[in-house]
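Participant: My structure is below; once you've seen it, I'll send some questions.
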Amino acid sequence: MQTKLFSGKIPPESMLTFIVELLEIRNGPRSHESFQEMDLNDDWRLSKDEVKEYLRKEYERYGYPPNDTLHENVAEDIFDKEDKNKDGFISSREFTYKHDEL
1 MQTKLFSGKI
11 PPESMLTFIV
21 ELLEIRNGPR
31 SHESFQEMDL
41 NDDWRLSKDE
51 VKEYLRKEYE
61 RYGYPPNDTL
71 HENVAEDIFD
81 KEDKNKDGFI
91 SSREFTYKHD
101 EL
C-alpha cells in the first residue's frame with residue numbers, strides 16, 4: 001500500500017481509515033436513579049437545562065472539557081425521542097429505560 005500526502009480535498013477514490021479508542025465500558029445508573037440525579041428541582045420532570053447540566057457534570061467527572069454544542073445536540077436528540085407529549089419536559093413516565101446518550 002502506497003501512502004500519498006495530499007493537501008486540500010480528499011480524492012473520491014481514497015480510502016479513509018479511522019482509529020477509534022474505546023475509553024470505557026460501564027453499567028450506567030438505573031433509570032430511576034438517573035432521573036432523580038437529573039431532576040435538580042425535584043419536580044418529577046426534566047427540562048433541557050437539567051439534562052444539559054447532567055451531561056456537563058458527567059463530562060467533568062470523566063475528565064473531559066464541557067462541550068456546550070454537543071450537550072445541546074444530545075439534549076435535543078433525547079427530547080425528540082422522549083418528550084412524547086412535546087410539552088418541553090420529560091416526565092418520569094416518559095423517561096424510558098434505555099438511553100444510549102447518557
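In full-length UniProt numbering, the protein residues as written are 1 to 102.
Every residue, glycine too, gets a C-beta built ideally from N, C-alpha and C.
Source: prediction; values computed, not measured.
Just checking my contact of L46 with F89 at CB under 8 Å: how many whole Å lie between their CB atoms?
Facilitator: Going by Cβ atoms, the distance from L46 to F89 rounds to 6 Å, so yes, they are a contact pair.
Participant: Let me know the alpha helix (DSSP H) ranges lying completely inside the region 2 to 58, each 4 residues or longer, listed in chain order.
Facilitator: Runs found: 31 to 38.
Participant: Is the beta carbon of P12 within less than 8 Å of some heavy atom of the ligand COA?
Facilitator: The ligand COA is not among the ligands present in this structure, which contains no ligands whatsoever.
Participant: Could you tell me which residues DSSP puts in a beta bridge with S91?
Facilitator: S91 is bridged to R45.
Participant: According to the Cβ coordinates, are S92 and W44 closer than 9 Å?
Facilitator: Contact flag set, yes.
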